[in-house]
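Chemist: Sequences listed follow chains H and V, in order.
One point on numbering: in UniProt numbering, the residue at position 101 of the first sequence is 101, and numbering is uninterrupted.
One point on numbering: in UniProt numbering, the residue at position 102 of the second sequence is 102, and numbering is uninterrupted.
Protein chains: 2
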Amino acid sequence: MVTTRHQRSTQKMLPCSALGEVRVDQVLRALGEPVRLEIVRALARAEQPMNCGAFGLTVSKSTSTHHFKVLRESGIIAQYDEGTARYSELRTTELEQRFPGLLTAVLTAE
Amino acid sequence: MVTTRHQRSTQKMLPCSALGEVRVDQVLRALGEPVRLEIVRALARAEQPMNCGAFGLTVSKSTSTHHFKVLRESGIIAQYDEGTARYSELRTTELEQRFPGLLTAVLTAE
DNA sequence: GGCCTTGTACGATTAATATCGTACTAACCG
DNA sequence: CGGTTAGTACGATATTAATCGTACAAGGCC
């Protein structure tokens with residue numbers, strides 16, 4: 001069974017932007033970068049949280065960290081720590097509520 | 001009656017990217033810039049071609065030219081010349097075909 | 001022709017972003 | 001404790017992108 005966000009609330013959730021404060025151009029900018037789009041697509045395929053190392057990105061660790069941070073600050077993903085790993089998940093529901101159809105359209109594309 | 005694209009085909013259409021060759025991240029990047037998003041929104045509201053001067057942009061002429069070029073090269077707008085004016089229009093249909101729901105979602109946002 | 005309008009082209013500058021390496025922290029395992 | 005794992009933080013660099021000013025081109029008008 002997949003752990004839900006609520007169950008994790010006692011754990012180390014990292015601060016992520018309230019989606020109400022995020023503008024759409026910020027989200028588009030965040031998604032308009034190949035590495036970050038790859039991350040988002042992988043999360044969508046997985047349908048469950050993934051730890052940062054599991055993406056098989058071809059960039060350095062520090063560059064990965066940077067991209068995850070951009071995604072988190074633009075409200076696209078949430079992250080929490082578990083042991084030495086940091087897990088990321090798509091904020092699918094919140095995104096859909098704030099920008100209806102956007103994530104679906106981006107994931108559908110091509 | 002609104003002039004269609006076909007009727008203008010004998011005029012000076014500028015080369016714009018074939019949408020088949022445009023990747024979604026390029027489109028997202030193009031839309032993720034406030035001035036360009038403003039242009040796209042104005043075109044959507046107008047529902048007809050607008051000349052570049054009609055947008056009331058607060059940037060210089062050369063900067064405008066740059067942004068229109070980015071939008072054109074990413075397949076989002078088409079442009080044609082008429083007299084001394086250059087008109088832009090959204091490639092609504094082609095965009096919808098290539099990236100279903102994307103433009104609508106972006107225009108709906110907020 | 002001269003002049004205004006509309007917009008481009010080019011080059012320079014500045015600002016933003018992507019990238020990396022190194023040093024570091026925290027959790028776990030022996 | 002020391003070593004390993006997973007990832008961050010910081011500082012540097014390199015690349016990309018936004019911005020502008022000036023010079024230019026083409027159409028329309030007198």
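Think of the CB as a built atom: it goes at the ideal place given N, C-alpha and C, for glycine as much as any other residue.
Using a Cβ cut-off of 7 Å (strictly closer), state whether H/Ala109 contacts chain V.
Modeler: Closer than 7 Å to some Cβ of chain V, the Cβ of H/Ala109 qualifies, so yes.
Chemist: Roughly how many whole angstroms lie between the Cα atoms of H/Ile77 and V/Ser62?
Modeler: 37 Å
Chemist: At the 7 Å Cβ level, is V/Gly101 part of the contact set with chain H, yes or no?
Modeler: yes
Chemist: Count the other CB atoms, across all protein chains shown, that sit within 10 Å of the CB of H/Met50; report buried if there are 16 or more and exposed otherwise.
Modeler: buried
Chemist: According to DSSP, simplified to helix, strand and coil, what is H/Ile39?
Modeler: Secondary structure at H/Ile39: helix, using DSSP grouped into helix, strand and coil.
Chemist: Assess, as a yes-or-no matter, whether the stretch 89-105 of chain H is touched by the stretch 44-59 of chain V under the definition of 3 or more beta carbon pairs within less than 8 Å.
Modeler: With the rule of 3 Cβ pairs closer than 8 Å, the stretch 44-59 of chain V does not count as touching the stretch 89-105 of chain H.
Chemist: Going straight from the alpha carbon of V/Met1 to that of V/Thr93, what length do you get?
Modeler: Its pLDDT being 29, under 50, V/Met1 is placed unreliably in this model, and the value from its coordinates should be taken loosely. Straight-line spacing of the CA atoms in V/Met1 and V/Thr93 works out to 18 Å.
Chemist: Could you tell me the distance, in whole angstroms, from the CA atom of V/Gln97 to the CA atom of H/Thr84?
Modeler: 44 Å
Chemist: So H/Leu107 is in the alpha helix (DSSP H); what residue range does that whole segment cover?
Modeler: Leu102 to Thr108
Chemist: If we count the other Cβ atoms within 10 Å of its Cβ and call it buried at 16 or more, is V/Ser88 buried or exposed?
Modeler: buried
Chemist: Listing by chain order, which chain V residues have their CB less than 9 Å from the CB of H/Arg45?
Modeler: Listed along the chain, the chain V residues whose CB falls inside 9 Å of the CB of H/Arg45 amount to none; the nearest CB is some 16 Å away.
Chemist: Give the secondary structure of H/Leu95 by DSSP, where H, G and I count as helix, E and B as strand, and everything else as coil.
Modeler: helix
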